[in-house]
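Trainee: Structure below; questions to follow.
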Amino acid sequence: MSEYDDDRPEPGPEDGRDLGDTQPLHPSAPSYPPPYGHHAAPPPVQPPVQPPFQPPRTAPQPYGPLPQPAPQPRQQPGQQPGSRFPGWAWPVMTALALVVGMLGGVITSLAVSSSMDASSTGTPVRVIGTDSGGAAAPQKADNGSVAAVAAKLLPSTVQIQARGGADGTAKGGATGSGFVLDKQDHVITNNHVVAGATGPGQIKVVDRDGTKHAAKIIGRSPVYDIAVLSVSGASGLRPAAIGSSARLRVGDTVVAIGSPLGLSSTVTSGIVSATDRPVTTGNDTQSSYINALQTDAAINPGNSGGPLVNMRGQVIGVNSAIATTGGAIGGESGNIGVGFAIPMEQVRVTATQILATGKARYPVIGASVNTGAGSNGAEVSDVPSGTPASHAGLRKGDVVIGVDGKQVTDGIGLIVAIRSHQPGEVIDLRVRRAGHTADVKVRLDSKIG
Numbered sequence: 008m009s010e011y012d013d014d015r016p017e018p019g020p021e022d023g024r025d026l027g028d029t030q031p032l033h034p035s036a037p038s039y040p041p042p043y044g045h046h047a048a049p050p051p052v053q054p055p056v057q058p059p060f061q062p063p064r065t066a067p068q069p070y071g072p073l074p075q076p077a078p079q080p081r082q083q084p085g086q087q088p089g090s091r092f093p094g095w096a097w098p099v100m101t102a103l104a105l106v107v108g109m110l111g112g113v114i115t116s117l118a119v120s121s122s123m124d125a126s127s128t129g130t131p132v133r134v135i136g137t138d139s140g141g142a143a144a145p146q147k148a149d150n151g152s153v154a155a156v157a158a159k160l161l162p163s164t165v166q167i168q169a170r171g172g173a174d175g176t177a178k179g180g181a182t183g184s185g186f187v188l189d190k191q192d193h194v195i196t197n198n199h200v201v202a203g204a205t206g207p208g209q210i211k212v213v214d215r216d217g218t219k220h221a222a223k224i225i226g227r228s229p230v231y232d233i234a235v236l237s238v239s240g241a242s243g244l245r246p247a248a249i250g251s252s253a254r255l256r257v258g259d260t261v262v263a264i265g266s267p268l269g270l271s272s273t274v275t276s277g278i279v280s281a282t283d284r285p286v287t288t289g290n291d292t293q294s295s296y297i298n299a300l301q302t303d304a305a306i307n308p309g310n311s312g313g314p315l316v317n318m319r320g321q322v323i324g325v326n327s328a329i330a331t332t333g334g335a336i337g338g339e340s341g342n343i344g345v346g347f348a349i350p351m352e353q354v355r356v357t358a359t360q361i362l363a364t365g366k367a368r369y370p371v372i373g374a375s376v377n378t379g380a381g382s383n384g385a386e387v388s389d390v391p392s393g394t395p396a397s398h399a400g401l402r403k404g405d406v407v408i409g410v411d412g413k414q415v416t417d418g419i420g421l422i423v424a425i426r427s428h429q430p431g432e433v434i435d436l437r438v439r440r441a442g443h444t445a446d447v448k449v450r451l452d453s454k455i456g
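Letter by letter, the sequence shown follows residues 8 to 456 of the numbering used here.
This is the structure in structure tokens:
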């Protein structure tokens, strides 16, 4: 395998994870979704018809007698109204409260001073994208110069060189891209670029001047294909301006920057071809499900992990995959005008979690879903007891046809829709059973990944 091939499938745990995890039933099943090459199984045989169902409801509680007010004690002479203490006690209590208040203020002050220490774990973690991070100010909204955007982002874009093997000297490895996140020299890239280089000294970050810097993995998410690196000994790395993909429209101009085929500081431009495109990357045992931005900007092996940028010079996505004529995403074939990027909204959440804890979490409902090709919804293949899906009343054989009012046509679409939310949120599932439909509310649980 070429050292420039950064889109290799990475090893991972077996399938059977919570909702959003593939469960291939037949290894010879047709590929899905064309041309993405994700192997899936045909839907299982429809179970016997079940009676119409409704979401579980809480049974009404019978009314009981109204509570009676407790009798009030008789007020003693010299006692304040509504008080059990004699009048002379109030000045003493007031003075004591003032002393306690002052002591509490001193204790609180000490606690605050301690938590503000630079080494304290109680220091709040900055959510990326909520400030400039030291990046240059964005371009004007009506800027139409690709050259100006490139000039702004090239100093913030780096090449990632990852080597496999226990000592970092084994042949092979991957070459990808990344961008500088903040003044602490954290770098964002794809998980699949560095997944095989988890040992010491196996990752190098090359800046625009060609200087190589040692880097290590702070944390990574195979589920969202995001990794955060820490660069050692770097100076002068400029953080990239962070933007949002929420307001992108099909047809908007975007710029992709990275190191395709090992050619650092390469700039290509194109448009947003589609938004909210369900895409799965990786192999059958470790797949990333992405609610992707689709672009026709030229993306090739080596672009993975690099920034997709709007015309204001803000990063609005992380280039992650390409479609090829061979039917696989991330293969060795060159660009055919169909590339995919992880939206910055998801990158922001995942990177913030990694910077805070070293790990990322993703939402689940506890059920498994068939990811076979289809257009009638996502069929639930298993609902373990005690899971959010079980509590909501889902059953094996149910077909989910919508999430929060948006249509779901297959299992991958359902997985992506769920993973676009956050653990703890409540989502509405539109479920079909035996020809009848009902709306079911599910509170999302979470897993690390």
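In this text, a Cβ means the ideal position worked out from N, Cα and C, and glycines have one as well. Just so it is clear, the structure is predicted and the values come from calculations on it, not from any experiment.
Mapping DSSP to helix, strand and coil, what is K159?
Mentor: Looking at K159 - three-state DSSP - the assignment turns out to be helix.
Trainee: State buried or exposed for E432, treating a residue as buried only when at least 16 other CB atoms are found within 10 Å of its CB.
Mentor: Looking at its Cβ environment, which holds fewer than 16 other Cβ atoms inside 10 Å, E432 is exposed.
Trainee: Once the 5 residues before and after S295 are set aside, which same chain residues still bring their CB inside 8 Å of it?
Mentor: Excluding sequence neighbours, S295 sits near N198, H199, P229, V230, Y231, D232, T287, T288, G289 and S327.
Trainee: Straight-line CA distance for H428 to P370?
Mentor: Each residue's alpha carbon lies about 7 Å from the other.
Trainee: Rank V238, A441, V194 and G412 by C-alpha distance to the C-alpha of G208 and give the top, closest one.
Mentor: Of the listed residues, the one whose Cα sits closest to G208 is V238.
Trainee: Quick one: is P285 buried, meaning 16 or more other Cβ sit within 10 Å of its Cβ, or exposed?
Mentor: P285 should be labelled buried.
Trainee: So what's S242 in DSSP terms, helix, strand or just coil?
Mentor: Looking at S242 - three-state DSSP - the assignment turns out to be coil, as it is neither helix nor strand.
Trainee: Would the beta-carbon of I1 fall within 9 Å of that of G324?
Mentor: Residue 1 lies beyond the range of the chain shown here (8 to 456); nothing can be said about it.
Trainee: What number of angstroms, rounded off, separates the C-alpha of V194 from the C-alpha of K403?
Mentor: Using only the alpha carbons, I get a separation of about 42 Å.
Trainee: Count Cβ pairs between the stretch 403-422 and the stretch 209-218 that sit closer than 8 Å; are there 3 or more?
Mentor: No, they do not touch.
Trainee: If you draw a straight line from the C-alpha of V261 to the C-alpha of H443, how long is it?
Mentor: Between V261 and H443, the C-alpha separation is close to 44 Å.
Trainee: What does DSSP give as the partner residues of K454 in its beta bridges?
Mentor: The partner list for K454 (beta bridge, DSSP) reads Y369.
Trainee: What does DSSP give as the partner residue(s) for V201 in the beta ladder?
Mentor: Per DSSP, none; premise fails for V201.
Trainee: Excluding sequence positions up to five away, which residues of its chain have a Cβ less than 8 Å from the Cβ of L451?
Mentor: The answer, listed in chain order, is P370, V371, I372, P395, I425, H428, Q429, P430, G431, E432, V433 and I434.
Trainee: Bridge partners of T196, per DSSP?
Mentor: According to DSSP, T196 bridges with A234.
Trainee: Along the alpha helix (DSSP H) that carries L270, what are the first and last residues, could you check?
Mentor: From DSSP, L270 is part of no alpha helix (DSSP H); its letter is neither H nor E.
Trainee: Could you name the residues of the same chain whose beta carbon sits closer than 7 Å to that of V447, not counting the 5 residues immediately before and after it, in chain order?
Mentor: Answer for V447: P62, A399, G400, L401, L436 and V438, listed in chain order.
Trainee: Starting from I167, trace the beta strand (DSSP E) in both directions and tell me its first and last residue.
Mentor: Note, I167: beta strand (DSSP E), T164 to A169.
Trainee: Give the straight-line distance between the Cα atoms of S251 and V257, rounded to the nearest whole angstrom.
Mentor: Cα-Cα distance, rounded: 15 Å.
Trainee: Among the candidates E386, N377, G384 and Q360, whose CA atom is the shortest distance from the CA of S453?
Mentor: Among E386, N377, G384 and Q360, the Cα nearest to that of S453 is on Q360.
Trainee: Going by the beta-carbon positions, is the gap between I349 and T331 smaller than 9 Å?
Mentor: The answer is no: Cβ separation not under 9 Å.
Trainee: What first and last residue would you give for the beta strand (DSSP E) that runs through R439?
Mentor: Residues V433 to R440.
Trainee: The alpha helix (DSSP H) that contains H398, what's its start and end?
Mentor: H398 -> alpha helix (DSSP H) spans P395 to H398.
Trainee: Under 6 Å Cβ to Cβ from V423, same chain only, skipping five residues before and after it: list those, please.
Mentor: Once the five neighbours on either side are set aside, the close Cβ partners of V423 are P285, Y296 and N298.
Trainee: When the Cα atoms are used, what is the spatial distance from L315 to R215?
Mentor: Looking at the two C-alpha atoms, the distance is approximately 17 Å.
Trainee: Let me check understanding here. Comparing Cα to Cα, which of V274, G269, S271 and Q301 lies closest to T282?
Mentor: Of V274, G269, S271 and Q301, the residue nearest in Cα terms is Q301.
Trainee: What is the rounded straight-line gap between the Cα of I455 and the Cα of G226?
Mentor: Straight-line Cα distance between these residues: approximately 11 Å.
Trainee: Please report the residue range of the beta strand (DSSP E) in which L315 lies.
Mentor: From DSSP, the beta strand (DSSP E) with L315 extends over P314 to V316.
Trainee: Assuming G420 contacts A385 under a Cβ cut-off of 8 Å, what Cβ separation, rounded to an integer in Å, is found between them?
Mentor: The Cβ separation is near 7 Å, so the contact holds.
Trainee: Is P207 near the ligand GDP, judged by its Cβ being under 8 Å from some heavy atom?
Mentor: Ligands in the displayed structure: none, and consequently the ligand GDP is not present.
Trainee: Who are the near neighbours of S392 in its chain, counting only those whose CB is closer than 8 Å to its CB and skipping five residues on each side?
Mentor: Closer than 8 Å at Cβ, skipping near neighbours: no residue.
Trainee: Report all residues from its chain with a CB closer than 8 Å to the CB of N307; omit the five preceding and five following residues, and keep chain order.
Mentor: Hits under 8 Å: P267, L268, I329, G341 and N342.
Trainee: Tell me which residue opens and which closes the alpha helix (DSSP H) that V418 is part of.
Mentor: Residue identity differs from the one stated: residue 418 is Gly in this sequence, not Val. G418 to R426 is the extent of the alpha helix (DSSP H) around G418.
Trainee: Roughly how many whole angstroms lie between the Cα atoms of R368 and R254?
Mentor: The alpha-carbon atoms of R368 and R254 are separated by roughly 25 Å.
Trainee: Starting from V406, trace the beta strand (DSSP E) in both directions and tell me its first and last residue.
Mentor: Here the beta strand (DSSP E) through V406 covers V406 to V410.
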